[in-house]
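The sequence shown lines up with residues 9 to 336 when you count with this note's numbering.
First the structure, in the form of structure tokens, and then the observations on it.
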Amino acid sequence: MKKLVVLALAATAALAHAQGFPGSKPVTFVVPFAAGGPTDRVARDLGEAMRKAMGGQANFVVENVNGAGGTIGVARVAKASPDGHTLLVHHIGMAAAPALYRKLSYKVQDDFEFLGMINEVPMTLIGKPQLPANTYRDFENYIRANAGKLNIAHAGLGSASHLCGLLWQSRLGAADAMVTIPFGGTAPAMNALVGGQVDVMCDQTTNTTGQIEAGRVKAFAVTTAKPLSNHKLLKDYPTLQEMGMRGFDLTIWHGMYAPKGTPAPVLAQLNEALKKALKDPEFIKKQEGLGAIVVTDKRVEPANHKAFVAAETAKLKPVIEAAGKFAD
Ligand code: MLT
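In structure tokens form, the structure reads like this:
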């Protein structure tokens with residue numbers, strides 16, 4: 009059986025090659041947020057692993073196309089030439105945007121080929137270093153005592169940081185919502201937080217772990233259902249469920265997408281390279297060091313990821329609608 013699979017893959021790669029893929033042109037990962045953020049980090053690390061997985065035949069470059077919570081970058085890929093040279097690396101926003109925006113210039117399920125899921129990333133609730141709180145309880149009491157006077161940074165409507173802030177605030181039931189401050193990504197938002205220009209943010213551990221460790225921001229809680237007991241730093245922070253927000257469970261995931269109509273042999277070759285890259289020890293080590301978990305199971309299968317994204321939108325829609333009063 010294994011021999012048959014190997015032969016089929018060789019035939020697919022030959023077909024893709026026959027289509028001139030990858031050829032000499034680099035493969036561009038469009039990242040719909042500013043450089044230096046968690047999505048950018050995943051794309052750059054994955055690009056190196058995919059380059060190795062394809063035997064150095066293709067170079068992977070990242071193009072940051074930020075704005076509007078990532079929807080501008082997503083729209084760019086929806087309209088890109090379906091030749092395998094323009095791909096999208098995105099996260100839960102692929103499922104959240106259709107539940108948040110009344111009008112989008114793309115249809116997730118119709119305008120993309122799904123290449124597979126990449127990883128899962130917990131989020132952390134963090135504050136500026138000057139915030140007069142050291143435990144989650146102090147933090148929540150401070151927020152309540154200063155209702156309407158504090159702000160929360162995010163990367164635009166539909167971003168992971170916006171979604172987390174929306175869900176957390178709706179569970180907090182804060183009478184006056186915090187003022188929300190959008191940025192082109194959580195990299196610039198993190199600079200503002202470290203500099204004390206904004207007060208609070210909820211962001212992915214791939215972006216916050218280093219800042220927490222360096223004492224440049226204060227961490228108060230993690231957003232996962234279970235504590236991150238395997239992580240040397242993050243194990244010390246409670247979950248929001250432990251802090252009384254029953255059922256609060258938010259884990260960000262990343263996936264890879266191509267424009268609809270990308271030839272099947274090219275998609276098969278990219279999916280094969282993705283599966284190999286996700287087993288790359290160096291990529292796994294980098295991701296796990298930042299609290300992320302690389303996916304190596306059936307969720308990397310295109311059809312499964314397509315169904316998963318649709319299910320995530322259906323799951324998020326009522327939750328976002330219930331919390332909607334905190335939307336921008
Ligand atoms: C980023 O990469 O900047 C973040 O993923 C933005 C966000 O979704 O919060």
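Note that the Cβ used here is the ideal one computed from N, Cα and C, for glycine as well.
Quiz item: Quick one: what's L96 bridged to in DSSP?
Solution: As a working note, residue 96 is residue 88 in the sequence shown. Per DSSP, V38, Y265.
Quiz prompt | Beta-carbon proximity list for Q117, same chain, < 8 Å, skipping 5 on both sides | solution = Translated into positions along the sequence shown, residue 117 becomes position 109. K314, V317, A318.
Quiz item: To the nearest angstrom, how far is it from the Cα of L299 to the Cα of L242?
Solution: Taking the first residue of the sequence shown as position 1, residue 299 is located at position 291. Taking the first residue of the sequence shown as position 1, residue 242 is located at position 234. The question names Leu, but residue 299 is Gly in the sequence shown. So the two alpha carbons sit approximately 8 Å from each other.
Quiz item: Who pairs with V187 in a beta bridge, going by DSSP?
Solution: The sequence position of residue 187 within the sequence shown is 179, counting from 1. Note: V187 sits in a beta bridge opposite N159.
Practice problem: For D336, count neighbouring C-beta atoms within 10 Å of its own C-beta (all shown protein chains included) and say buried if the count is 16 or more, exposed if not. | Solution: In the sequence shown, the residue the question calls residue 336 occupies position 328. At D336, the pLDDT of 47 sits below 50, so the modelled position is not reliable; the number obtained from the coordinates is stated separately. Result: exposed.
Quiz item: Taking the alpha-carbon positions, what's the Q277 to M62 distance?
Solution: Within the sequence shown, numbered from 1, the residue matching residue 277 stands at position 269. Within the sequence shown, numbered from 1, the residue matching residue 62 stands at position 54. Taking the straight line from one Cα to the other gives about 9 Å.
Self-check item: T216 versus K87 - alpha carbon distance
Solution: If you number the sequence shown from 1, residue 216 lands on position 208. If you number the sequence shown from 1, residue 87 lands on position 79. Answer to the nearest angstrom: the Cα atoms are 33 Å apart.
Quiz item: Ordered along the chain, which non-local residues of its own chain (more than five positions away) have a Cβ less than 6 Å from that of G269?
Solution: As a first step, residue 269 is located in the sequence shown; it is residue number 261 there, counting from the start. Hits under 6 Å: P90.
Quiz prompt | First through last residue of the alpha helix (DSSP H) which encompasses E320 | solution = Walking along the sequence shown from the start, residue 320 turns up at place 312. Taken as a continuous stretch (DSSP letters only), the alpha helix (DSSP H) holding E320 covers 310-331.
Exercise. State the Cα-Cα distance for the pair L275 and G173, rounded to the nearest angstrom.
Key: In the sequence shown, residue 275 corresponds to position 267, counting from 1. In the sequence shown, residue 173 corresponds to position 165, counting from 1. Each residue's Cα considered, the two are about 35 Å apart.
Quiz item: With contact counted as at least three CB pairs below 8 Å, one residue from each stretch, are the region 205-213 and the region 161-168 in contact?
Solution: yes
Quiz item: Would you say S167 touches the ligand MLT, meaning its beta carbon is less than 7 Å from a heavy atom?
Solution: Looking up residue 167 in the sequence shown gives position 159. The answer is yes for S167.
Quiz item: Relative to the ligand MLT, is the shortest distance from any of its heavy atoms to the C-beta of H4 smaller than 7 Å?
Solution: An answer regarding residue 4 cannot be provided, because it is not within the stretch 9 to 336 covered by the chain.
Practice problem: Report back the beta-carbon spacing between G192 and F41 to the nearest angstrom; my notes put them in contact at under 8 Å. | Solution: On the sequence shown, position 184 is the one that residue 192 refers to. On the sequence shown, position 33 is the one that residue 41 refers to. Sure, about 7 Å apart at Cβ, within 8 Å.
Quiz item: Is any heavy atom of the ligand MLT found at a distance shorter than 7 Å from the C-beta of F41?
Solution: In the sequence shown, residue 41 corresponds to position 33, counting from 1. For the ligand MLT, at least one heavy atom lies less than 7 Å from the Cβ of F41.
Quiz item: Does DSSP put D211 in a helix, in a strand, or in coil?
Solution: As a first step, residue 211 must be located in the sequence shown, where it is residue number 203. Strand, per DSSP.
Exercise. Give the single residue among K323, L258, N154 whose Cα lies nearest to the Cα of H1.
Key: No answer is possible for residue 1: the residues shown for the chain start at 9 and end at 336.
Practice problem: Following the continuous alpha helix (DSSP H) through K294, name the residue where it begins and the one where it ends. | Solution: As a first step, residue 294 is located in the sequence shown; it is residue number 286 there, counting from the start. Here the alpha helix (DSSP H) through K294 covers 289-297.
Quiz item: Once you ignore the five residues that flank T232 on each side, which residues in its own chain have a CB closer than 7 Å to its CB?
Solution: As a first step, residue 232 is located in the sequence shown; it is residue number 224 there, counting from the start. Excluding sequence neighbours, T232 sits near P130, T247, D257, T259.
Quiz item: So what does M131 bridge to, in DSSP terms?
Solution: Within the sequence shown, residue 131 is the residue found at index 123, counting from 1. In the DSSP output, where bridge partners are listed per residue, M131 has Q212.
Quiz item: Where does E290 land, buried or exposed, given buried means 16+ other C-beta within 10 angstroms?
Solution: Locating residue 290 in the sequence shown gives position 282, counting from the first residue. Burial call: exposed.
Quiz item: Looking at Q295 and N154, is the spacing between their C-beta atoms short of 8 Å?
Solution: If you number the sequence shown from 1, residue 154 lands on position 146. If you number the sequence shown from 1, residue 295 lands on position 287. Contact flag unset, no.
Quiz item: Starting from K226 and walking both ways along the beta strand (DSSP E), at which residues does that stretch end?
Solution: Translated into the one-based positions of the sequence shown, residue 226 becomes position 218. Note, K226: beta strand (DSSP E), 226-230.
Quiz item: Would the beta-carbon of T270 be found less than 7 Å away from any heavy atom of the ligand MLT?
Solution: The sequence position of residue 270 within the sequence shown is 262, counting from 1. No; taking the cut-off as 7 Å, the Cβ of T270 has no heavy atom of the ligand MLT nearer than that.
Quiz item: Using the C-alpha atoms, what's the distance from V85 back to A266?
Solution: Reading the sequence shown from its first residue, position 258 is the one you call residue 266. Reading the sequence shown from its first residue, position 77 is the one you call residue 85. Taking the straight line joining both Cα atoms gives about 7 Å.
Self-check item: Nearest-angstrom Cα separation, counted from I151 out to A183
Solution: Counted from its first residue, the sequence shown places residue 183 at position 175. Counted from its first residue, the sequence shown places residue 151 at position 143. Note that A183 has pLDDT 48, beneath the 50 cutoff, so the model's placement of it is unreliable and the number below is only indicative. If I take the Cα positions, the gap works out to 11 Å.
Practice problem: Throw me the rounded Cβ distance for the H262 and T47 pair, which I believe falls under 8 Å. | Solution: Your numbering for residue 262 matches position 254 in the sequence shown. Your numbering for residue 47 matches position 39 in the sequence shown. Between T47 and H262 the Cβ distance is about 7 Å, and since that is below 8 Å, they are a contact.
Quiz item: Looking at C-alpha atoms only, which residue of L139, L95, P106, V73 is the closest neighbour of G124?
Solution: Numbered from its first residue, the sequence shown carries residue 124 at position 116. That would be L95, whose Cα lies nearest to the Cα of G124.
Quiz item: Just to confirm, are N72 and A43 a CB contact at a threshold of 8 Å?
Solution: Taking the sequence shown and counting its residues from 1, one reaches residue 72 at position 64. Taking the sequence shown and counting its residues from 1, one reaches residue 43 at position 35. Yes, Cβ-Cβ distance for N72 and A43 is below 8 Å.
Exercise. Could you tell me whether any non-hydrogen atom of the ligand MLT is closer than 7 Å to the CB of Q212?
Key: One-based indexing of the sequence shown puts residue 212 at position 204. For the ligand MLT, at least one heavy atom lies less than 7 Å from the Cβ of Q212.
Quiz item: Among R49, Q219, A322, A331, which one has its Cα closest to the Cα of P106?
Solution: One-based indexing of the sequence shown puts residue 106 at position 98. When only C-alpha atoms are compared, the closest one is A322.
Exercise. Step through the CB atoms of chain D and report whether any lies within less than 8 Å of the CB of N199.
Key: Note that chain D does not occur in the displayed structure, where there is just one protein chain.
Quiz prompt | Simplified DSSP state of L15, which is helix, strand or coil | solution = Taking the sequence shown and counting its residues from 1, the one referred to as residue 15 is at position 7. Of the three classes helix, strand and coil, the one that applies to L15 here is helix, per DSSP.
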